[in-house]
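Residue 24 is where the sequence shown starts when you use the numbering used here, and the numbers rise one by one after that.
Even glycine gets a Cβ: it sits at the ideal position worked out from N, Cα and C.
In this text, all values refer to a predicted model and were calculated from it rather than measured experimentally.
Input: a single structure, listed below in structure tokens.
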Amino acid sequence: MTKPVKLIGFILILCMVLALSAGCSSGQVTSPAQKPEEVKDVTPANPDETEDMGHDEYTPEKEISPKAWFTWADAFAPLRRPVEDVVGEEIKRITKVNFTQDNIIANNGVTGPERLSMFLATDTLPEIIYAQVSSSTDIINTLVNSGEVWELTPYLEKYTPNMLQRILPETWECWYRDGKVYGIPGDFESNTVFEPNMTDLAKEQIAKKPGPFLFVVRDDLLKQIYPETKTSEELAAALEANGKLTWEDMKTPMETPEDLLDFLRRVKELGVKTQGKDVIPLDMWTEGWWIAPFAEAYGFINAGAWGVTWSEEANSVYWAPSTPEYKEYLYWLHTAYKEKLIDQETFIMGDDHRNAKIYSGLYAVSHNWQDINSINNNIKANGDKFAYRLVKGMTKKINGDPQYLLMDPRGGNFLMISKSVPEDELIQMLKWIDFMYSYEGEELMAWGPESAGLWEIKDGVKTFKDPDLMQNAMYGAETEKDLTYYGLSGGPINFYELARFTYLHDNTRTVKAYHSVPPRVDNVYLAQYADFWNEMFPRKIKINQLPMFLGQVPDIAKLTSEEGLYGACKNEWAKAIVSGNDEEFEKHYQEGLKRLQDLGMEKAMADLTRLLNDFLSQN
């Protein structure tokens with residue numbers, strides 16, 4: 024289902040998370056002993072310094088300009104592109120690979136599998152196949168099984184030292200086909216597990232850190248019911264005075280699901296109107312998506328929806344919707360709906376109808392998986408004096424297992440090279456990609472070459488000469504010639520739109536790796552995502568080896584599909600929430616659970632548990 028453009032940030036994050044349900048390999052998974060021979064550690068002695076990769080390695084005899092098919096993209100028409108692409112020109116000079124936005128091919132009105140059939144039928148498969156993990160596993164398997172892509176195993180140690188250094192062993196294992204490598208995994212969330220050699224500032228400002236689950240509330244209603252809490256205006260004053268927000272600024276009396284229910288009841292009793300319409304206490308979202316944001320606020324890992332996870336504590340597969348705690352969550356929603364605290368149109372309205380409400384401020388409580396800044400700006404333009412602010416989720420700890428953040432080692436995308444590419448060009452392309460995996464390449468993509476004159480060493484630290492460019496790099500503030508203009512990473516378009524291929528989802532060598540960036544006092548909502556959340560509610564980040572076995576248990580993918588969980592959310596469990604009494608709730612809850620059981624839930628989870636335990640016992 025398609026959500027509005029304003030939710031694009033969430034959709035990008037979701038693509039990564041949904042990968043848990045898509046499967047990894049149709050072949051048998053091999054042990055680490057079968058992975059490519061490891062190379063010596065080439066990490067710089069001082070990770071704050073970039074390594075000199077030696078440009079002679081990256082100077083082939085001829086220039087090539089490969090095409091890349093993005094298997095998931097229906098269309099590729101970015102609104103912005105570099106004007107003076109100093110980065111692209113330097114990469115081309117070093118590697119003699121000319122790759123721009125014009126080299127990217129999309130599906131253009133057909134599905135990925137349909138486009139693949141067309142390519143194979145006409146022998147026109149592009150040189151690069153850039154497949155999305157969450158939606159293109161079948162395409163990956165088809166290309167590998169039919170011999171249409173290069174096996175890369177013999178080339179990695181000699182030509183890709185940076186890839187081998189920076190991609191985890193668990194990641195290579197996850198993508199093996201009979202112990203062989205056919206593609207390059209990439210696009211990981213930057214964190215200290217996947218990239219330990221970050222500067223201290225990068226670890227603080229760039230690395231993904233798990234914090235508490237959050238939602239948003241109208242600050243005027245929060246203040247009216249809890250006078251000790253701060254409105255957005257008061258938070259802005261605290262930010263201006265102290266340079267940052269603290270837990271004391273942000274805390275509210277709401278600590279439990281029952282506390283939130285009580286708040287919603289009190290909002291209803293107020294009988295407040297906005298733009299001449301009654302304020303609705305709770306916004307859930309539409310079309311089955313209600314399952315996610317408040318399941319997260321309730322404390323379920325992966326929002327309780329996106330695929331199975333692994334519990335080290337129980338040595339078993341864990342999936343929130345299969346647990347008794349999840350039934351409690353659904354009953355909480357049932358109680359809220361029965362008391363007319365949830366929007367009574369939740370299960371029948373479309374996105375446009377719901378968006379008109381949230382952009383007018385008609386909900387007292389909503390989720391933060393949307394562009395709250397735009398919503399607040401629209402409310403201000405309407406002449407209203409309130410805004411949405413962040414509130415900690417309903418629980419003090421995560422419900423069920425695991426109590427840590429699991430990272431999918433497969434990454435978000437998988438890059439393969441067509442067998443139609445001659446071997447000498449294959450090697451040239453591998454060196455090109457490997458350069459972008461190097462610290463030197465990352466530094467180049469963040470700052471541009473020295474010859475471009477964009478930066479200088481000031482007080483011992485690399486700094487952009489143009490203050491506006493510095494502001495764009497620190498805060499994303501739009502400038503006439505911003506990062507995008509020069510083809511630098513960290514601006515308003517992503518790596519793919521810049522026509523780069525990189526290891527990490529975020530570049531760890533940007534301004535934030537070398538400069539402490541204080542919160543923007545002119546954007547109080549963004550300042551609310553403060554460091555204290557992660558410090559107060561820490562969770563470890565761990566690698567989840569489960570995805571390497573998903574392909575061996577195909578029924579797992581059904582559980583999170585329209586046939587499975589989303590079918591239950593739109594049908595049986597939606598009926599349970601809107602039911603008139605406990606007896607009807609129980610009836611419809613059991614019907615939804617049976618839907619999942621009929622899809623082989625217990626057996627699939629047991630099979631996965633056995634596979635991973637066998638692997639762990641042998642390794």
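Grab me the residues of residue i's own chain with a C-beta within less than 6 Å of its C-beta, minus the 5 sequence neighbours each way, in chain order.
i       : result
Thr-53  : Residue placement at Thr-53 cannot be trusted, given a pLDDT of 29 that sits under 50; what the coordinates show is reported in the next sentence. The residues are Tyr-199 and Gly-202.
Glu-150 : Pro-89, Lys-90, Ser-441 and Val-444
Ile-402 : Gly-384
Lys-626 : none
Leu-356 : Ile-600
Val-167 : Arg-200 and Tyr-205
Pro-316 : His-390 and Trp-392
Lys-119 : Pro-83 and Glu-86
Val-106 : Tyr-508
Glu-174 : Lys-203 and Tyr-205
Tyr-526 : Arg-189, Gly-209 and Tyr-460
Are residue i and residue j closer than 9 Å when you measure CB to CB?
i       : j       : result
Ala-522 : Gly-206 : no
Phe-93  : Ile-114 : no
Phe-638 : Met-571 : yes
Glu-465 : Met-459 : yes
Tyr-178 : Leu-453 : yes
Tyr-509 : Gly-483 : no
Pro-490 : Asp-505 : no
Leu-569 : Leu-622 : no
Gly-574 : Thr-160 : yes
Ile-157 : Trp-95  : For the record, residue 157 in the displayed sequence is Ser; it is not Ile. Yes.
Tyr-341 : Thr-332 : yes
Pro-541 : Leu-549 : no
His-611 : Glu-586 : no
Ile-190 : Gly-209 : yes
Val-534 : Ala-500 : no
Tyr-537 : Thr-222 : yes
Lys-232 : Ala-553 : no
Ile-566 : Glu-193 : yes
Report the residue from the options whose alpha carbon sits nearest the alpha carbon of residue i.
i       : options                               : result
Lys-253 : Leu-237, Lys-415, Glu-271 and Leu-449 : Glu-271
Arg-104 : Trp-92, Ala-96, Asp-97 and Thr-123    : Thr-123
Asp-285 : Ile-365, Ile-314 and Gln-641          : Ile-365
Arg-116 : Asn-594, Tyr-354 and Ser-474          : Ser-474
Lys-361 : Tyr-349, Asn-495 and Pro-304          : Pro-304
Pro-276 : Gly-266, Lys-246 and Asn-265          : Lys-246
Glu-348 : Ile-324, Ser-602 and Thr-533          : Ile-324
Gly-330 : Met-493, Thr-145, Met-628 and Glu-218 : Met-628
Arg-241 : Gln-228, Glu-256 and Ala-496          : Glu-256
Met-372 : Asn-396, Phe-518 and Met-307          : Met-307
Arg-410 : Leu-429, Cys-197, Val-388 and Asn-557 : Contrary to the premise, residue 410 reads as Ala rather than Arg in this sequence. Here the closest residue by C-alpha is Val-388.
Leu-244 : Glu-292, Ala-261 and Thr-279          : Glu-292
Thr-507 : Asn-121, Leu-262, Leu-102 and Gly-266 : Leu-102
Ala-597 : Glu-251, Lys-481 and Glu-368          : Glu-368
Leu-429 : Leu-588, Ser-213, Glu-281 and Lys-563 : Lys-563
Glu-263 : Leu-287, Phe-370 and Val-544          : Val-544
Val-282 : Ala-359, Thr-309, Gly-266 and Lys-232 : Contrary to the premise, residue 282 reads as Asp rather than Val in this sequence. Closest option to Asp-282, Cα to Cα, is Ala-359.
Lys-350 : Leu-616, Ser-640, Leu-634 and Gln-641 : Leu-616
Ala-129 : Arg-618, Ile-398, Ala-98 and Val-302  : Ala-98
Thr-644 : Ile-162, Thr-183 and Lys-226          : There is simply no residue 644 to check, as the chain begins at 24 and stops at 642 in what is shown.
Using the DSSP secondary-structure output, state which residues sit across from residue i in a beta bridge.
i       : result
Ser-389 : Val-239
Ile-151 : Ala-91 and Ile-440
Ile-579 : Its beta-bridge partners do not exist; DSSP assigns none.
Arg-412 : Val-240
Pro-432 : Note: Pro-432 sits in no beta bridge, so no partner.
Ile-303 : Tyr-386
Phe-518 : For Phe-518, which the question treats as bridged, DSSP gives no partner whatsoever.
Arg-200 : Lys-203
Phe-317 : Answer is none; Phe-317 lacks a bridge partner.
Leu-527 : Phe-211
Ile-480 : Lys-485
Lys-296 : Asp-301
Ile-564 : Leu-428
Excluding the five sequence neighbours on either side, which residues of its own chain have a C-beta within less than 7 Å of the C-beta of residue i, listed in chain order?
i       : result
Asn-530 : Glu-465, Met-468, Ala-469, Ser-512 and Gly-513
Ser-339 : Thr-632
Gly-448 : For clarity, residue 448 is Glu in the given sequence; the question names Gly instead. If we look at Glu-448 and ignore the five residues flanking it on each side, its Cβ neighbours are Ile-87.
Ile-579 : Ser-44, Val-331, Leu-573, Ala-627 and Leu-631
Phe-487 : Leu-477, Trp-478, Met-493 and Ala-496
Ala-230 : Ser-213, Asn-214, Thr-215 and Met-221
Pro-235 : Lys-415, Gly-416, Trp-556 and Phe-560
Taking 8 Å as the cut-off, is the beta-carbon of residue i closer than that to any non-hydrogen atom of the ligand MN?
i       : result
Asn-126 : In terms of ligand content, the structure shown is empty, and the ligand MN therefore cannot be addressed.
Which whole runs of the beta strand (DSSP E) in the stretch 323-371 are 3 residues long or more, in chain order?
332-334 and 339-341
Could I get the ranges of all uninterrupted alpha helix (DSSP H) runs contained in the stretch 443-470, with 4 residues as the minimum, in chain order?
446-460 and 462-470
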